[in-house]
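With the sequence shown counted from 1, adding 606 to any position gets you our numbering.
Even for Gly, the Cβ is constructed at its ideal location relative to N, Cα and C.
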Amino acid sequence: MEKHMDVKGLLILYTGHGKGKTTAAFGMAFRAMGRGWRVAVVQYIKGKWMTGERLFSAKQELLDLFVMGEGFTWESADLSRDQAAAEAAWAKTAALISAGDHPLVILDEITYAIHYGWLALDEVRAVLKERPAHVTVVLTGRHAPRELLDDADLVTEMQAIKHPYAQGIPAQVGVDY
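Shown next as structure tokens:
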């Protein structure tokens, strides 16, 4: 039996308006890889920036990173393209989860795709509920629907107390991306 097969897969949700949702998810990825698990990350929104996680994942045997977004929606000139990217990301996600080859699957910023109506919540919930018993799925993003909060085994809401943006400090390499 593989070392992850006896673990009960959980549904974990990091949401809220504070910074740290993706950071927490990647912390879990690091922990899982330390245990020899294969980890898949599907990024739903990020796409244009060369992020630290992209650079890091290229060097990791156990980490499969799929950057499928078209960038931040507030920068988009064509939301239909963003929706098509979200649908393609969802097709990839559903296949990854059902295959069960990655005991940890992170769906970075998927809640935005649900919030904007690009993905059907009922379909997402069905795939999550039917996942193999050993697969843990982590969802990140703001505006998590009540149904996902109810379905999740663990929910953490990141609360913004203080942020450098409010002081005019832009996103920092190595800290924010």
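For residue 646, the enclosing beta strand (DSSP E) has its first and last residue at 645-649. Residue 714 sits in a strand when the DSSP states are folded into three classes.
Residue 703 counts as buried, since no fewer than 16 other beta carbons sit within 10 angstroms of its beta carbon. One thing to note: residue 740 has its Cβ within 8 Å of the Cβ of residue 709. The Cβ-Cβ distance between residue 630 and residue 711 does not fall below 8 Å.
DSSP places residue 618 within a strand segment (E or B) once states are collapsed to three. The C-beta of residue 715 has 16 or more other C-beta atoms within 10 Å across all chains shown, which makes the residue buried. Under the DSSP definition of a beta bridge, residue 746 partners with 620. Under the DSSP assignment, residue 755 falls in the alpha helix (DSSP H) whose first and last residues are 752-757. According to the DSSP secondary-structure assignment, residue 673 is paired through a beta bridge with 649. Relative to the Cα of residue 701, the nearest Cα in the group 613, 757, 736, 663 belongs to 736. Only residues of its own chain outside the window of five on either side were considered, and among them 783 have a CB closer than 6 Å to the CB of residue 655, listed in chain order.
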